[in-house]
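Chemist: Here it is: the structure, laid out below.
Protein chains: 2
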Amino acid sequence: MTMNVVSIDSLTKHPGESVTIRGWVYHLRAKGKLAFLVLRDGSGIAQCVFVKSEVDDATFDEAQRLSMESAIEITGEVRLDARAPGGAEIGVRAMKTYQKAAADFPIQPKEHGTGFLMENRHLWLRSRKPWACLRVRDAVIRSIRGFFYERGFVNIDSPIFTPAACEGTSTLFEVEYFDEKAYLTQSGQLYAEAAAMAFGKVFTFGPTFRAEKSKTRRHLTEFWMIEPEVAFAELNDIMDLAEAMLCHIVKSVLAERREELTILERDITKLEKIVPPFPRLSYTDAVDLLKQKGLPFEYGGDLGAPDETAIGENYDRPVMVHRYPHEVKAFYMKRDPQDSRFALCVDVLAPEGYGEIIGGSQREENLDILEGRIADHKLPREAFAWYLDLRRFGSVPHSGFGMGLERCVAWLTGVDHLRECIPFPRMLYRIYP
Amino acid sequence: MTMNVVSIDSLTKHPGESVTIRGWVYHLRAKGKLAFLVLRDGSGIAQCVFVKSEVDDATFDEAQRLSMESAIEITGEVRLDARAPGGAEIGVRAMKTYQKAAADFPIQPKEHGTGFLMENRHLWLRSRKPWACLRVRDAVIRSIRGFFYERGFVNIDSPIFTPAACEGTSTLFEVEYFDEKAYLTQSGQLYAEAAAMAFGKVFTFGPTFRAEKSKTRRHLTEFWMIEPEVAFAELNDIMDLAEAMLCHIVKSVLAERREELTILERDITKLEKIVPPFPRLSYTDAVDLLKQKGLPFEYGGDLGAPDETAIGENYDRPVMVHRYPHEVKAFYMKRDPQDSRFALCVDVLAPEGYGEIIGGSQREENLDILEGRIADHKLPREAFAWYLDLRRFGSVPHSGFGMGLERCVAWLTGVDHLRECIPFPRMLYRIYP
Chain Y
16 MTMNVVSIDS LTKHPGESVT IRGWVYHLRA KGKLAFLVLR DGSGIAQCVF
66 VKSEVDDATF DEAQRLSMES AIEITGEVRL DARAPGGAEI GVRAMKTYQK
116 AAADFPIQPK EHGTGFLMEN RHLWLRSRKP WACLRVRDAV IRSIRGFFYE
166 RGFVNIDSPI FTPAACEGTS TLFEVEYFDE KAYLTQSGQL YAEAAAMAFG
216 KVFTFGPTFR AEKSKTRRHL TEFWMIEPEV AFAELNDIMD LAEAMLCHIV
266 KSVLAERREE LTILERDITK LEKIVPPFPR LSYTDAVDLL KQKGLPFEYG
316 GDLGAPDETA IGENYDRPVM VHRYPHEVKA FYMKRDPQDS RFALCVDVLA
366 PEGYGEIIGG SQREENLDIL EGRIADHKLP REAFAWYLDL RRFGSVPHSG
416 FGMGLERCVA WLTGVDHLRE CIPFPRMLYR IYP
Chain C
16 MTMNVVSIDS LTKHPGESVT IRGWVYHLRA KGKLAFLVLR DGSGIAQCVF
66 VKSEVDDATF DEAQRLSMES AIEITGEVRL DARAPGGAEI GVRAMKTYQK
116 AAADFPIQPK EHGTGFLMEN RHLWLRSRKP WACLRVRDAV IRSIRGFFYE
166 RGFVNIDSPI FTPAACEGTS TLFEVEYFDE KAYLTQSGQL YAEAAAMAFG
216 KVFTFGPTFR AEKSKTRRHL TEFWMIEPEV AFAELNDIMD LAEAMLCHIV
266 KSVLAERREE LTILERDITK LEKIVPPFPR LSYTDAVDLL KQKGLPFEYG
316 GDLGAPDETA IGENYDRPVM VHRYPHEVKA FYMKRDPQDS RFALCVDVLA
366 PEGYGEIIGG SQREENLDIL EGRIADHKLP REAFAWYLDL RRFGSVPHSG
416 FGMGLERCVA WLTGVDHLRE CIPFPRMLYR IYP
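Protein chains in written order, with the numbering used here: chain Y, 16 to 448; chain C, 16 to 448.
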């Protein structure tokens with residue numbers, strides 16, 4: 016007889032059938048002539064019920080002695096049960112053991128310190144919350160890619176090794192590249208600009224690096240970034256694009272990862288409020304708001320994390336703060352033709368205190384102005400020669416933004432620390448496992 | 016009147032309509048009272064016809080003086096024409112110039128050396144062949160992701176910074192990671208194995224790095240790799256998976272990127288032959304084949320590039336060579352229980368001389384054997400402690416493979432050199448632009 020091997024998340028499609036599932040012991044409770052074993056297979060968890068009279072004695076005995084995380088195969092009948100996790104349980108007929116796990120599985124159903132859990136990240140991934148959080152991350156990645164593909168964007172990967180820094184060298188990782196020095200990319204933007212002139216609408220989506228010595232819940236040395244760039248788009252166009260993208264992501268996650276959000280104890284009603292239009296505030300309006308709230312803030316400075324939190328908390332959806340003073344923003348941003356004190360830029364601040372998740376701008380397309388900026392910022396002109404070429408040959412208005420994937424996932428899942436939003440986080444003093 | 020701004024690839028959906036397109040001058044030919052301007056907008060190219068009597072004089076004059084790559088906006092009527100590139104042309108009514116490009120655009124319709132083209136990669140991307148090749152790459156990425164998502168795989172990104180080497184340190188890039196040393200990943204596999212025990216079926220898809228001093232058409236220092244890993248899968252299962260994935264990719268590219276393949280002068284009939292089943296040869300059979308072909312080859316050694324080419328050329332579809340002598344393969348591969356001289360591994364060789372595009376194996380799941388291997392290979396045990404944990408806690412048969420994205424794209428597009436299959440290639444002596 017061929018086995019009907021199925022995944023746990025599909026059990027409800029097989030009511031009454033004899034199926035085989037394979038996975039790991041997540042929980043076990045024996046009670047006289049009954050044993051209840053919760054099996055996880057990566058797609059979900061299911062309760063498997065052993066009744067002494069329905070399996071052979073050896074199987075019943077073995078089941079009771081299984082250690083947590085032992086690998087087994089179970090064959091039995093699917094019974095729909097609305098109270099069961101996943102909506103179905105298995106009446107066990109047979110079991111096969113692949114491996115009885117060592118008894119000292121480090122992660123137990125008790126409180127562990129985060130340092131300990133991170134040291135065991137390779138095993139902690141099996142627990143419900145990390146599992147749920149990274150499945151949300153997976154859905155966010157898919158949702159973002161789907162969003163851009165539907166709109167005719169082309170995925171153009173920017174390089175990781177770069178010859179020069181986009182925004183100063185203090186937070187760059189340096190690599191010996193044969194006989195030269197190279198740096199690990201902090202942003203694919205400049206390359207995305209080149210690609211936008213060739214493909215019209217592009218996005219890069221890859222890891223970026225920042226040698227930040229700060230050890231906060233908002234920092235990773237390695238994180239993933241999505242960066243769309245659109246030829247002929249102006250600031251308002253990419254603000255619309257960012258708004259539409261975030262709404263699309265939230266909708267996808269609510270549709271595909273509701274169970275995971277529940278495991279994470281996320282208040283789903285808060286996510287259901289994420290619909291357009293998002294409030295749009297000029298920097299000047301944002302500073303007024305901070306003053307109304309009684310926060311000390313000097314007009315002209317960049318918004319710090321506490322300021323972003325205070326502004327974000329004022330709204331039930333992401334807020335777009337646009338037109339910052341140009342002094343606090345990057346050299347490549349175009350100035351506002353209405354008021355040249357400001358840059359045509361936007362930061363999107365997530366609600367509930369999650370702070371900035373997106374930064375974007377319209378790019379300066381004038382060659383002379385851009386050359387002047389590179390000189391003013393004392394950037395190495397030769398490293399930017401190719402970038403300046405984009406302004407010599409068919410320069411057009413263009414705009415784009417970057418979103419930190421893990422920051423978006425942290426907001427959606429409601430977890431506190433970015434390190435839980437990436438499978439194997441890299442931070443100051445953390446490159447293991 | 017609001018403008019009806021459309022992309023060139025959608026022109027045939029607007030017959031008879033007045034539309035506006037925005038892009039760059041790709042080609043220009045004036046002939047008395049007519050001017051033919053080919054505009055590219057990143058989505059495609061379209062011929063725009065200026066008739067002196069149908070536009071104002073200033074526009075007609077300006078159009079004739081536009082330099083290549085000048086950025087313009089054209090408004091006019093869409094006329095279907097099967098002979099036109101893309102199937103439609105524009106009868107111009109009005110034009111606006113964003114920027115007249117400098118006259119010295121380096122890439123001209125003549126032969127250039129590859130070194131020169133690579134130095135101008137940021138501009139070369141605008142030419143038809145690079146454009147077509149990278150649009151194929153984009154479709155391959157989407158197709159791969161779609162394939163795995165449909166089958167319930169979860170995208171788990173492996174880290175780029177790693178504490179230790181998977182297969183020796185000679186080709187690793189080293190990074191100063193604060194007070195430690197870190198290395199740039201060569202493969203996400205070990206992390207994918209950890210994730211497979213948590214999520215069942217996973218894939219990683221990101222950049223990987225190899226400090227290869229060799230300067231051949233088959234080497235990049237930075238390339239993208241897709242690596243699925245499946246719990247409870249054995250060698251045959253992942254051979255089936257690799258076969259299905261490749262067929263899916265070819266089908267998607269033929270459906271979505273036929274025009275691009277034509278631009279690349281790819282023989283499409285060769286791709287249409289890529290259907291299951293793929294031939295499967297044991298290493299021993301492969302060596303026999305090499306001997307029949309009169310190639311010098313010593314049984315027991317690894318297959319070199321010329322051997323792979325010779326084997327691949329024997330078939331009209333990818334060939335799967337399995338069960339190599341374990342000495343030439345990685346420490347983590349399981350030995351064949353039928354004959355322990357061999358590893359349970361598979362290399363997939365593309366036809367037409369493109370060589371290896373996929374390498375995979377069933378992984379050794381026994382703790383003691385794996386510990387012995389790590390010792391035999393003199394690998395640092397402490398760096399692999401977490402990896403060994405996977406064999407202590409619920410070890411199961413599992414298998415996976417890795418496919419180099421650019422190698423796959425090179426085969427599909429028929430281009431000779433991997434450097435054309437990635438937007439900004441990184442090689443020995445090449446990190447610019």
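All C-beta atoms, glycine included, are put in the ideal place defined by N, C-alpha and C.
If you're wondering where the values come from, they're calculated on a predicted model, not measured in any experiment.
With a cut-off of 8 Å, does the C-beta of residue 257(Y) fall near any C-beta of chain C?
Modeler: For residue 257(Y), the answer is no, since every Cβ of chain C falls outside 8 Å of its Cβ.
Chemist: From residue 206(Y) to residue 191(C), what distance separates their C-alpha atoms?
Modeler: Taking the straight line from one Cα to the other gives about 25 Å.
Chemist: Considering residue 254(Y), what are the terminal residues of the alpha helix (DSSP H) in which it resides?
Modeler: Where residue 254(Y) is concerned, the enclosing alpha helix (DSSP H) stretches over 250-271.
Chemist: What residues of chain C sit near residue 212(Y), judged by a beta carbon separation below 9 Å?
Modeler: Those within 9 Å of residue 212(Y) in chain C are 39, 57, 84, 86, 137, 138, 140 and 141.
Chemist: In chain order, what residues of the same chain lie with their CB nearer than 8 Å to the CB of residue 405(Y), ignoring the 5 residues before and after it?
Modeler: Cβ within range, chain order: 208, 209 and 212.
Chemist: So residue 109(Y) is in the beta strand (DSSP E); what residue range does that whole segment cover?
Modeler: 103-114 is the span of the beta strand (DSSP E), which, as asked, contains residue 109(Y).
Chemist: Excluding the five sequence neighbours on either side, which residues of its own chain have a C-beta within less than 7 Å of the C-beta of residue 136(Y), listed in chain order?
Modeler: These residues qualify, in order along the chain: 439 and 448.
Chemist: Where does the unbroken beta strand (DSSP E) through residue 219(C) begin, and where does it stop?
Modeler: Counting along the chain, the beta strand (DSSP E) containing residue 219(C) begins and ends at 216-224.
Chemist: Quick check on this structure: which residue in 446(C), 149(C) and 168(C) has the alpha carbon closest to the alpha carbon of residue 169(Y)?
Modeler: The candidate whose alpha carbon is nearest that of residue 169(Y) is 149(C).
Chemist: Give the interface partners of residue 175(C) over in chain Y, defined as CB-CB distance under 7 Å, in chain order.
Modeler: Chain Y residues near residue 175(C): 222 and 237.
Chemist: Are the C-beta atoms of residue 264(C) and some chain Y residue less than 8 Å apart?
Modeler: Taking Cβ atoms only, chain Y never reaches closer than 8 Å to residue 264(C), which makes this a no.
Chemist: Are residue 238(C) and residue 419(C) closer than 8 Å when you measure CB to CB?
Modeler: Yes, Cβ-Cβ distance for residue 238(C) and residue 419(C) is below 8 Å.
Chemist: Run the CB neighbour count on residue 444(C), radius 10 Å, all protein chains shown included, and call it buried at 16 or more, exposed below.
Modeler: Residue 444(C) comes out exposed.
Chemist: Assign residue 216(C) to buried or exposed, taking buried as 16 or more other Cβ atoms, counted over all protein chains shown, within 10 Å of its Cβ.
Modeler: With 16 or more other Cβ atoms within 10 Å, it is buried.
Chemist: When the distance is taken between beta carbons, is residue 32(Y) closer than 8 Å to residue 64(Y)?
Modeler: In this structure, residue 32(Y) does not lie closer than 8 Å to residue 64(Y) by Cβ.
Chemist: Is it buried or exposed for residue 71(Y), if we count other Cβ within 10 angstroms and need 16 for buried?
Modeler: Residue 71(Y) comes out exposed.
Chemist: Between residue 145(C) and residue 95(C), is the Cβ-Cβ spacing less than 8 Å?
Modeler: For residue 145(C) and residue 95(C), no; Cβs fall outside 8 Å.
Chemist: Among residues of its own chain, excluding the 5 on either side of residue 151(Y), which ones have a beta-carbon nearer than 8 Å to its beta-carbon?
Modeler: 268, 272, 275, 276, 279, 424, 427 and 428.
Chemist: For the 8 Å Cβ check, are there 3 or more pairs between the segment 246-265 of chain Y and the segment 360-371 of chain Y?
Modeler: Counting Cβ pairs under 8 Å, three or more are found: they touch.
Chemist: Note down, in chain order, each residue of its chain lying with its Cβ closer than 6 Å to the Cβ of residue 435(C), except the 5 sequence neighbours on either side.
Modeler: If we look at residue 435(C) and ignore the five residues flanking it on each side, its Cβ neighbours are 148.
Chemist: Going by C-alpha distance, which of 81(C), 234(C), 130(C) and 97(C) is nearest residue 118(C)?
Modeler: When each option's Cα is compared against that of residue 118(C), the closest is 81(C).
Chemist: State the Cα-Cα distance for the pair residue 446(C) and residue 201(Y), rounded to the nearest angstrom.
Modeler: Approximately 15 Å, taken between the alpha carbons.
Chemist: Would you say the segment 375-395 of chain Y touches the segment 407-417 of chain Y, given that touching needs at least three Cβ pairs under 8 Å?
Modeler: Yes, the segment 375-395 of chain Y is in contact with the segment 407-417 of chain Y.
Chemist: Against residue 251(Y), what residues of chain C qualify as contacts under a CB-to-CB distance less than 9 Å, listed in chain order?
Modeler: By Cβ distance, chain C contributes nothing, its closest Cβ being about 14 Å from residue 251(Y), past 9 Å.
Chemist: Check whether the segment 323-330 of chain C and the segment 301-314 of chain C are in contact - that is, three or more C-beta pairs closer than 8 Å.
Modeler: Touching, yes, given that three or more Cβ pairs across the two stretches are closer than 8 Å.
Chemist: Taking 8 Å as the threshold (C-beta atoms), are residue 175(Y) and residue 222(C) in contact?
Modeler: Closer than 8 Å, so yes.
Chemist: How many angstroms separate the CA atom of residue 73(C) from the CA atom of residue 49(C)?
Modeler: About 14 Å.
Chemist: What are the boundary residues of the alpha helix (DSSP H) that residue 423(Y) is part of?
Modeler: 420-428 is the span of the alpha helix (DSSP H), which, as asked, contains residue 423(Y).
Chemist: What in chain C is Cβ-close to residue 150(Y), meaning under 9 Å?
Modeler: Correct list: 169 and 214.
Chemist: Does DSSP classify residue 212(Y) as helix, strand or coil?
Modeler: Correct three-state label for residue 212(Y): helix.
Chemist: Distance cutoff 8 Å, beta carbons only. Does residue 410(Y) sit that close to anything in chain C?
Modeler: True, the Cβ-Cβ gap to chain C drops below 8 Å.
Chemist: Just the C-alpha distance for residue 263(C) and residue 349(C), rounded to the nearest angstrom, thanks.
Modeler: Taking the straight line from one Cα to the other gives about 28 Å.
Chemist: Using only CA atoms, which one of 106(Y), 401(Y), 204(Y) and 346(Y) lies nearest to residue 414(Y)?
Modeler: For residue 414(Y), the nearest C-alpha among the options comes from 204(Y).
Chemist: My understanding is that residue 39(Y) touches residue 84(Y), with C-beta atoms under 8 Å, so please give their C-beta distance in whole angstroms.
Modeler: Indeed, because the Cβ distance is near 5 Å, the residues count as touching under 8 Å.
Chemist: Can you list, in chain order, the residues of its chain with a C-beta nearer than 8 Å to that of residue 296(Y)? Leave out the 5 residues immediately preceding and following it.
Modeler: The residues are 304, 326, 334, 335, 336 and 337.
Chemist: Which value, in whole angstroms, describes the spacing of the CA atoms of residue 421(Y) and residue 132(C)?
Modeler: If you take the alpha carbons of residue 421(Y) and residue 132(C), they lie about 37 Å apart.
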